[in-house]
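Here the numbering used here = 1-based position in the sequence shown + 28. For each residue, glycine too, the CB sits at the ideal point set by N, CA and C. The model shown is predicted, which means the values in this text are computed figures rather than measured ones.
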Amino acid sequence: MPMYTRSSPADPQVIDRWNGGVGWVAHPEEGGRRASHAVRGDDGVWLFDPIDAPGVDDLIAEVGDVAGVAVLSRFHARNANAFACRHDVSVHVPRRVNRVEDRTDAPVTRIDGDVAGFELRDLRPLRLWREAIAYREADGTLYVPDLLTSLPTFTVAGKRLGMNSLNMLAPPAAAFEDVAPDRILFGHGEGVFDGAEDALWDAVSNARRRFLRALVANGVPELRAMIGAIG
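Laid out in structure tokens, this is it:
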């Protein structure tokens, strides 16, 4: 199974659906299961870290008209350019997230603070690691591009949420202060909709204790995922 598939997708899979948004995986066959989301805001639908695929525009239209594209990780430019050009909107990027302008011809708007009603919180646990989590208290939605995931590649001890092992010795718990999600969406893998708050704090508060087990179980596939993302 390839970690990331670079060929044109043929049969995207819907993974998350709730009142106010939908998520899909363009390449269900890849190990990294890069996820995209269309989330309804007050001004329309925002696309978070999207990857294009047949039928996706119809899926988005069920949520509403596109107001903008948001890229919240330096490794998630993905198909932001295609969506922005097709819907005649800008690509919005947190000010501290770099690398995106080099990968899009669409207008880029640098943002601070919030987007689509989501509060943005910067994460930079490692030198090359720059992302922003997005939390909307009004409906309890949390989006985490890279740090956390539901993928088995990153989970241990039968838990539903996992953290990249490189960050487990110093988990950025402060970034999740006052966050009490009803649902957690990820840039990789299916979201968590049941017991989301408990799952979040279990992953963050027990990260150090699970580090060695995670490194042994997931170290090799994690390395493959990182190399694939950088490439």
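Per-residue burial, residue i [other beta carbons within 10 Å of its own, 16 or more giving buried]
i	result
D71	exposed
R138	exposed
G186	exposed
R236	exposed
D44	buried
V42	exposed
P135	exposed
D174	buried
A126	One point to set straight first is that residue 126 is Asn, not Ala, in the sequence displayed. Classification of N126: exposed, given that the 10 Å Cβ count is below 16.
E205	exposed
V244	exposed
Own chain residues within Cβ distance below 7 Å of residue i, not counting five before or after
i	result
H115	V94
P30	E58, G59
D142	L148
Cross-strand partners of residue i (DSSP beta bridge)
i	result
A54	Beta-bridge pairing links A54 to no other residue.
R45	V50
P122	I139
H115	Partner(s): none; H115 has no beta bridge.
A66	V50, L75
V97	L75, V119
F146	V143
M191	L176
L197	Answer is none; L197 lacks a bridge partner.
Supposed close pair residue i, residue j - CB separation, criterion 8 Å
i	j	result
P78	A108	7 Å
H216	L179	6 Å
T177	R211	About 15 Å separates the two Cβ atoms, so there is no contact after all.
Boundaries of the beta strand (DSSP E) in which residue i is found, first to last residue
i	result
L228	L228 -> not in any beta strand (DSSP E); alpha helix (DSSP H) instead, spanning 224 to 233.
V84	Careful: V84 lies outside any beta strand (DSSP E), inside the alpha helix (DSSP H) at 84 to 89.
A162	159 to 164
L213	211 to 214
L170	169 to 172
Close beta carbons around residue i, own chain, < 8 Å, minus the five adjacent residues each side
i	result
R124	D150, R152, R158, A160
Close beta carbons around residue i, own chain, < 6 Å, minus the five adjacent residues each side
i	result
P37	A54, H55, A81
A98	W74, F76, H120, V143
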